[in-house]
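Q:
In this note's numbering, the protein residues as written are 24 to 749.
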C-alpha cells in the first residue's frame, strides 16, 4: 500500500481538509513537536489503495538570515550586508523542530501533496517543505512524486475538486518570494543598523529603541508625513457665500444654493447681495426630475475589505487579516488574500446565496432575490489569483465571536449586494432667479432600495419633500445674507486612505500592506488617533524629512513600485531571479553609501526636534527593557527625609507613563518613592539602604549583595546607584 503525505499551512486547515477527504473516518494524533496533529486514513490515490497522513506546518518553516558573525552589529560594517554577507535559511521557530517533525512523518512516504495557501507565499512554503522531506521519501528524488493542490475555500466541492486536479508547485512564484525576502533583509538591515547606531545614545529623548528602514515601510510612512506637511503648510483663506431662504404661502422655507458657489472678495460678494436684494421675489426658472442610480458594489477583494474594516468597523488592517484568516480556516469565508473583484463564470452565485436563506438578518432579501432572480454582478478586475471574498456557509455571532461576526457580516452583506439591483432614486432640482443671480435647491426621493436593503448605510436618506411647482411660479424671498467662511486644511490620513495610496502606487501587496502599516505604528513613527487617523510622531517626521533632504527616492514609492514589477516578472518566469536581485542591490548599495556620506543632513533635523545627551546630561546606564541609554538629567538639591538620598527628577515618555492624568515629570527618592519603587530594579548596595532591612524588605535581583552593617549615606549625585528603569 502506498503512503501519501499531505501538508497544509496551519493545523486547523489540515483538520478541516482531512475531515472532508476521509469523510470523517480519520484518526488523529499529536506530532513530536506538540503543535501539529497528524490525521490518518485509508483511501485511493491514482486508482490504487493508499494510506494518507495529513499534517501541517505553522506558516513559514524557514526564514532568511545572515550567518552568525554578520548578525553582530558592532563588528560588521552595514555596507557589507549588500553583497559580502552570506545568508542562510534558518528555522523560523527552532522550538517547534518543524524540519525534524516533517522528516519523521515523511520517511518512507511515496508521494507528497501540498495544501499550502494558494498565493506566492504559499508556493514558497511548498518548496520549504519539499527541501525538508524529499531526501527521506521513498525512492529519493523522482519525478511525479510531488503534487500541488489548489483551492480557494474550505468547502467539500472545492477540496474534492482540488484533490482530483492536482498540479505542480510553481517554482517561479517561490523564487519571487525568495527575491523579496533577500532584498528586504539586506536593504532593511543595512540602513536600520547604520541609522540606529548613529542616532542612539546621541539624543536623550529619541523615543525609539530601533530606528528601522524598510523598502516598503518607509514609503508607507512617507504618505503619512506628506499629509502632515500639507496640514502644516496650509494657509486658511476667507471666502464668502450668499445664503438665501424663500417660501410660498404656509409652506416651510427652502434654503437655496448659490450657483456661483463662493467668492474670495468680500466687496464682490456684497455687490452680488445688493443685486439680489433688488428683487423681493424668486421666480422658478426650471424644474427638472431625473432618475438616477447608485451602483451595486463590485465583488470584494482584500484591499477593499481592509478599507471598509478600518473606516466602517474600526478594525485595523493587521487584526482584520488575522480575523479573516481564522474565518477562512474554519470554513466560513473563501480565501481572504485576492486582488480579484470579478466572479469567474463558473462561480456558483445562486448556491452561495442559498446558504444564507435562514439568517434572520438578511433572509428576506435573500429569498426575494432567489424568487425574482439574481442580478448579474458588475464587471471587475480578474487578477488571475483567487475568486473574490465570499461567505462559504452560514454562521452566527455565537460561533464567530464579536469581531469575527462583524467582519463576516460585512463580507456576507457585500456578497448579497453584488447580486442585487442598483439603488434607484429620483433627483429633483428647482432653479430660481432672484435679481441677476441664480440659485437652486435639490432633493432625492427613493424609488427602489435595491442593494441598499442589505447595505442600509448606503441608502438614500429620507428628506423633506420639495414643493410641487413649475416654471414661472413665484416664491417670497425670506432672507438674503452674505456669510463669511474659511477654507480648512485636510485631516491626517486614515488607514483606509493610506491603503488606497499604497495600492495605487504599488507599495506592498494585498498580503503585506497590513504588515507595513502595523510596522510604522509599532516603530513609533505614527500613532493611531480617533477615527483611525495616522498622525506622524516627531521621529517619523524627522526621518522622512531627512530622507527627502538626502535622497528622496528612499521615501518616494517609485523605486519600490518598480521593484514590485520586477518581482512579478520573476513570478511569471519573464525575469531572471539573480539579475533582478543583483541589479536592485547595486542601486540601493550606492544609495546607502550616499546616505552615509550625507547623514549629517538628517542629524541637523534631529537636533531641532530632540535634545542631545551632551546638552542635557551624561549617559547613566542602559534601560533594562529597551536597552537604550538613560541619562541623569537633573539631581534635585533636596534630600529624602527618610534616607538622606538625593531626590531625582524624572521625565517620562507620554507613551509609557505611570503618572496620573497628563503629567510627565515627577520628583522623588529613588529608594522610597512608591512610584519609583515599582519601576526600578536595584543592582547594587541593596543591603545598605534602610528600606531593604528587616521584614518585608524588597530584594534586588542583581548579583551584588552589598556589605553587612549599618547603612551609609549615599554619595552626592547618587554615585552608588546603578538602576534600570523598566
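Think of the CB as a built atom: it goes at the ideal place given N, C-alpha and C, for glycine as much as any other residue.
If distances are taken between C-alpha atoms only, which option among 106, 189, 66 comes closest to residue 139?
A: Answer by Cα proximity: 189.
Q: Spatial neighbours of residue 549 within its chain, please: C-beta separation below 8 Å, excluding the five flanking residues on both sides.
A: 244, 247, 543, 557, 558, 559, 560, 563.
Q: What does DSSP give as the partner residues of residue 29 in its beta bridges?
A: For residue 29, which the question treats as bridged, DSSP gives the partners 77, 136.
Q: Since residue 455 and residue 307 are thought to touch, with beta carbons under 8 Å apart, how far apart are those beta carbons, to the nearest angstrom?
A: Right, their Cβ atoms sit about 6 Å apart.
Q: By Cβ distance, which residues of its chain are closer than 6 Å to residue 160, with the 5 residues on each side in sequence left out?
A: The residues are 129, 132.
Q: Quick check on residue 494: does DSSP put it in helix, strand or coil?
A: Coil at residue 494, not helix or strand.
Q: Under 8 Å by Cβ, that's how I've got residue 217 and residue 101 pegged, so tell me the actual separation to the nearest angstrom.
A: Confirmed, about 5 Å.
Q: Out of 57, 59, 65, point me to the one whose CA is closest to residue 49's CA.
A: Nearest option by C-alpha distance: 65.
Q: Any idea if residue 493 is buried or exposed, counting beta-carbon neighbours within 10 angstroms, 16 or more meaning buried?
A: Exposed is the call here.
Q: Just to confirm the assignment: which complete beta strand (DSSP E) runs, minimum length 3, are found wholly within the segment 360-418?
A: Correct list: empty.
Q: What number of angstroms, rounded off, separates the C-alpha of residue 152 from the C-alpha of residue 348?
A: Those two C-alpha atoms are separated by around 21 Å.
Q: Going straight from the alpha carbon of residue 239 to that of residue 660, what length do you get?
A: Straight-line Cα distance between these residues: approximately 50 Å.
Q: Would residue 410 pass as a contact of residue 363 if the rule is Cβ separation under 8 Å?
A: In this structure, residue 363 lies closer than 8 Å to residue 410 by Cβ.
Q: Tell me the rounded alpha-carbon separation between residue 295 and residue 511.
A: Using only the alpha carbons, I get a separation of about 24 Å.
Q: What does a CB cutoff of less than 6 Å around residue 26 pick up in its chain, not counting 5 residues either side in sequence?
A: Excluding positions up to five away in sequence, the list reads 74, 132, 133.
Q: From the DSSP output, which residues share a beta bridge with residue 558?
A: Note: residue 558 sits in a beta bridge opposite 550.
Q: List the residues that DSSP assigns as beta-bridge partners of residue 471.
A: DSSP, once it has assigned bridges, lists 447 as partnering residue 471.
Q: Could you round the C-beta distance between residue 24 and residue 78 to whole angstroms and report it? I think they count as a contact, below 8 Å.
A: 19 Å between Cβ atoms; not a contact.
Q: Compute the Euclidean distance between the alpha carbons of residue 617 and residue 670, then round it to the nearest angstrom.
A: Approximately 47 Å between the Cα atoms of the pair.
Q: Less than 8 Å between the beta carbons of residue 472 and residue 482, yes or no?
A: Yes, the pair counts as a contact, with Cβ atoms nearer than the cut-off.
Q: For a minimum of 3 consecutive residues, which ranges assigned as the beta strand (DSSP E) are wholly contained in the segment 175-205?
A: If we require 3 residues or more, the segment 175-205 turns out to have no beta strand (DSSP E) run fully inside it.
Q: Can you tell which of 444, 419, 402 has the C-alpha that lies nearest to the C-alpha of residue 395?
A: Considering only alpha carbons, the answer is 444.
Q: Taking just the CA atoms, how far does residue 28 sit from residue 170?
A: About 10 Å.
Q: Can you tell me which of 565, 485, 178 puts its alpha carbon nearest to the alpha carbon of residue 42?
A: Residue 42 has its Cα closest to that of 178, out of 565, 485, 178.
Q: Rounded to whole angstroms, what's the CA-CA distance from residue 694 to residue 531? Just pull it up for me.
A: Cα to Cα, the separation comes out at about 50 Å.
Q: Select from 279, 38, 442 the residue whose C-alpha is nearest the C-alpha of residue 452.
A: Taking only the C-alpha atoms, the option nearest residue 452 is 279.
Q: Going by beta-carbon coordinates alone, are residue 324 and residue 412 separated by less than 8 Å?
A: Cβ distance < 8 Å, so residue 324 and residue 412 count as in contact.
Q: Any chance the segment 317-331 sits against the segment 398-409, with 3 or more Cβ pairs inside 8 Å?
A: Result yes; three or more Cβ-Cβ pairs closer than 8 Å.
Q: Ignore the nearest five residues each way along the sequence and tell me which others in residue 193's own chain have a CB closer than 7 Å to its CB.
A: If we look at residue 193 and ignore the five residues flanking it on each side, its Cβ neighbours are 146.
Q: To the nearest angstrom, how far is the alpha carbon of residue 406 from that of residue 525?
A: Their backbone Cα atoms lie some 17 Å apart in a straight line.
Q: Taking the Cβ atom as the reference point for each residue, do residue 81 and residue 58 lie within a distance shorter than 8 Å?
A: A contact, by the Cβ cut-off of 8 Å.
Q: Would you identify the three-state DSSP class for residue 96, choosing helix, strand or coil?
A: Three-state result, residue 96: coil.
Q: Considering only C-alpha positions, which residue in the set 691, 53, 154 is nearest to residue 119?
A: Residue 119 has its Cα closest to that of 53, out of 691, 53, 154.
Q: Can the beta-carbon of residue 508 be found closer than 8 Å to that of residue 226?
A: Against a cut-off of 8 Å, the Cβ pair of residue 226 and residue 508 comes out as no contact.
Q: Where does residue 726 sit, in a helix, a strand or coil, going by DSSP?
A: Its pLDDT being 36, under 50, residue 726 is placed unreliably in this model, and the value from its coordinates should be taken loosely. Residue 726: coil per DSSP, three-state reduction.
Q: Under a Cβ-count criterion, where at least 16 other Cβ atoms within 10 Å of its own Cβ denotes burial, should residue 272 be classed as buried or exposed?
A: With fewer than 16 other Cβ atoms within 10 Å, it is exposed.
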